[in-house]
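For the sequence shown, position 83 matches number 83 in the UniProt record's numbering, and the numbering has no gaps at all.
By construction, the Cβ of each residue, glycine as well, lies at the ideal position given by its N, Cα and C atoms.
Everything numeric in this text was worked out from a predicted model, so none of it was measured.
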Amino acid sequence: MQPQAFYRAVADDFSAVDGIIKQQLTSKVPLVSKIGDYITSAGGKRLRPLLVLLCGKALGREGDDLRLLAATIEFLHTATLLHDDVVDMSGMRRGRETANAMWGNAPSVLVGDFLYSRSFEMMVELGSMPVMKILSQATRIIAEGEVLQLSKVRDASTTEETYMEVIRGKTAMLFEASTHSAAALCEATAEQAEALRTFGDHLGVAFQLVDDLLDYRGDAETLGKNVGDDLAEGKPTLPLIYTMREGTPEQAALVRKAIQKGGIEDLESIRAAVEASGSLEYTAQLARDYVARAIKCLEALPASEYRDALVELSEFAVARTH
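Here you go:
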């Protein structure tokens, strides 16, 4: 169990969610269970199921259905990770080999499909049409976000507006679905449901901004993935977009060429350029702004240790180093 107070606030529920995940991973096909167990046992912060638990308990909800929803969200997230690693041809995640590096692309994609399918079975078990509506729409929007990102690979003309559309789809949407579905399950007031939906969106945007920042400021050992992965794949993330827009002509040309070419041959030069142009501080400040707006949304909830934990979790999202 992580030491942060926002985990301790729901420690028993968090442990129960782990049990549900292990139980729901069982399959009569051994390779399905093996890959599923490999990726879910890799650690990770499990922030999305944590958000479900904290939001639900902040609204006064107890019981197995909240835990089942949290596990459902984690299955959706894990399915996207399996598919993303295949699409991105990633070899490392959370400090160890990806499933596709271990078993190949085809099994990874198919087990991702299994996890998606299992998550929808779990949604049916919850028996809440509002929750199913939120999560099914979220699944579609996440897929659209990933395809939009794919269509912008090696496109140095990508704007900040398009970048924000990408991260709202591929990352923030599942944060939003976590908080919004918890509100729906708890039959929250319309004001609380909208506040939690917006909170999840803003927190998810901030989280991805920090991720993209760390791709140039972090190190592989701390990150648990290779530094410069985004650059290697030719992804025009905000640090690069800002450098092309606000940096010197030389910095802009260097970044533009690197995006169009892909690869990490010029990684150190790019890291120096994004630092010197002020793009990393710009990205960090934008993340802080989104977190401040997210925390403001929590005023719609009654005061409790769970609301306090949501505030602390939000602050952690921008202060983290991996």
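Neighbourhood of Thr198 by C-beta, 7 Å cutoff - its chain only, sequence neighbours within 5 removed: Within the sequence shown, the letter at position 198 stands for residue 198. Answer for Thr198: Cys297, listed in chain order.
Run of the alpha helix (DSSP H) containing His180, from where it starts to where it stops: Within the sequence shown, the letter at position 180 stands for residue 180. Looking at the DSSP string, the run of the alpha helix (DSSP H) that includes His180 is 173-185.
Spatial neighbours of Val255 in its chain, beta-carbon cut-off 8 Å, leaving aside the 5 residues before and after: Working through the sequence shown from its first residue, we reach residue 255 at position 255. Closer than 8 Å at the Cβ level, and outside the excluded window around Val255, lie Ala156, Leu240, Thr243, Met244, Gly247, Ile270, Ala273, Val274.
Member of Gln23, Val111, Glu191 whose CA lies at the smallest distance from the CA of Leu68: Position 68 of the sequence shown, counted from the start, is the residue given in the question as residue 68. Among Gln23, Val111, Glu191, the Cα nearest to that of Leu68 is on Gln23.
Runs of alpha helix (DSSP H) lying entirely within the region 72-113, each at least 4 residues, in chain order: Runs of the alpha helix (DSSP H) inside the region 72-113: 99-103.
For Met1, the three-state DSSP class (helix, strand or coil): Along the sequence shown, one-based indexing puts residue 1 at 1. Here the model assigns Met1 a pLDDT of 36, short of 50, so the residue's position is not dependable, and the following value carries that caveat. Met1 falls in the coil class under three-state DSSP.
Buried/exposed call for Met89, threshold 16 Cβ in 10 Å: Counting from 1 along the sequence shown, the entry for residue 89 is found at position 89. Met89 comes out exposed.
Alpha carbon of Val87 to alpha carbon of Ala303, nearest angstrom: Position 87 of the sequence shown, counting from 1, holds the residue named residue 87. Position 303 of the sequence shown, counting from 1, holds the residue named residue 303. If I take the Cα positions, the gap works out to 43 Å.
CA-to-CA distance, Glu268 to Leu126, given in whole angstroms: To locate residue 126, count along the sequence shown from 1; it is residue 126. To locate residue 268, count along the sequence shown from 1; it is residue 268. Using only the alpha carbons, I get a separation of about 50 Å.
Cβ neighbours of Gln192 in the same chain (closer than 8 Å, five flanking residues each side left out): Position 192 of the sequence shown, counted from the first residue, corresponds to residue 192. Counting only Cβ-Cβ distances below 8 Å, and skipping sequence neighbours, we find Leu59, Ala183, Ala300, Leu301.
For Pro107 and Ser119, the rounded distance between their alpha carbons: If you number the sequence shown from 1, residue 119 lands on position 119. If you number the sequence shown from 1, residue 107 lands on position 107. When the Cα atoms are used, Ser119 and Pro107 turn out to be separated by approximately 18 Å.
Beta carbon of Ile259 nearer than 8 Å to that of Gly228: Reading the sequence shown from its first residue, position 259 is the one you call residue 259. Reading the sequence shown from its first residue, position 228 is the one you call residue 228. No, the Cβ-Cβ distance between Ile259 and Gly228 is not below 8 Å.
Backbone CA spacing between Val166 and Ala172 [nearest angstrom]: Translated into the one-based positions of the sequence shown, residue 166 becomes position 166. Translated into the one-based positions of the sequence shown, residue 172 becomes position 172. About 9 Å.
Beta-carbon proximity check, Ala9 vs Leu54, cutoff 8 Å: For the purposes of this step, residue 9 is identified with residue 9 of the sequence shown, where counting begins at 1. For the purposes of this step, residue 54 is identified with residue 54 of the sequence shown, where counting begins at 1. Going by C-beta atoms, Ala9 is nearer than 8 Å to Leu54.
Cβ pair count under 8 Å reaching 3, the region 29-36 against the region 284-297: Judged by Cβ distances under 8 Å, the region 29-36 makes no contact with the region 284-297, as fewer than three pairs qualify.
Coil, strand or helix - Glu265 by DSSP: Along the sequence shown, one-based indexing puts residue 265 at 265. Coil at Glu265, not helix or strand.
Residue range of the alpha helix (DSSP H) that includes His322: To locate residue 322, count along the sequence shown from 1; it is residue 322. First-last for His322: undefined, no H or E at that position.
Rounded straight-line distance, which links the Cα of Trp103 to that of Pro49: Here the question's residue 49 lines up with position 49 in the sequence shown. Here the question's residue 103 lines up with position 103 in the sequence shown. Roughly 27 Å between the two C-alpha positions.
C-beta atoms of Asp85 and Arg93 nearer than 8 Å: Translated into positions along the sequence shown, residue 85 becomes position 85. Translated into positions along the sequence shown, residue 93 becomes position 93. Yes; because the gap between Cβ atoms is below 8 Å, this pair is in contact.
N- and C-terminal bounds of the alpha helix (DSSP H) containing Lys28: Numbered from 1 along the sequence shown, position 28 holds the residue referred to as residue 28. Element bounds for Lys28: n/a, residue is neither H nor E.
Backbone secondary structure at Val318 - three-state DSSP: Locating residue 318 in the sequence shown gives position 318, counting from the first residue. Judged by DSSP in its simplified three-state form, Val318 adopts helix.
Of the residues Ala5, Leu66, Ser117, Ser178, the one placed nearest Ile20, counting alpha carbons only: On the sequence shown, residue 20 is found 20 positions in, with the first residue counted as 1. Nearest of Ala5, Leu66, Ser117, Ser178 to Ile20, Cα basis: Leu66.
Completely contained beta strand (DSSP E) runs for the region 203-252, where each covers 3 or more residues: Inside the region 203-252, DSSP marks no whole beta strand (DSSP E) run of 3 or more residues.
Residue nearest to Leu209 in terms of C-alpha spacing, selected from Leu148, Arg320, Asn105, Glu233: Taking the sequence shown and counting its residues from 1, one reaches residue 209 at position 209. Looking at Leu148, Arg320, Asn105, Glu233, the one whose alpha-carbon comes closest to that of Leu209 is Arg320.
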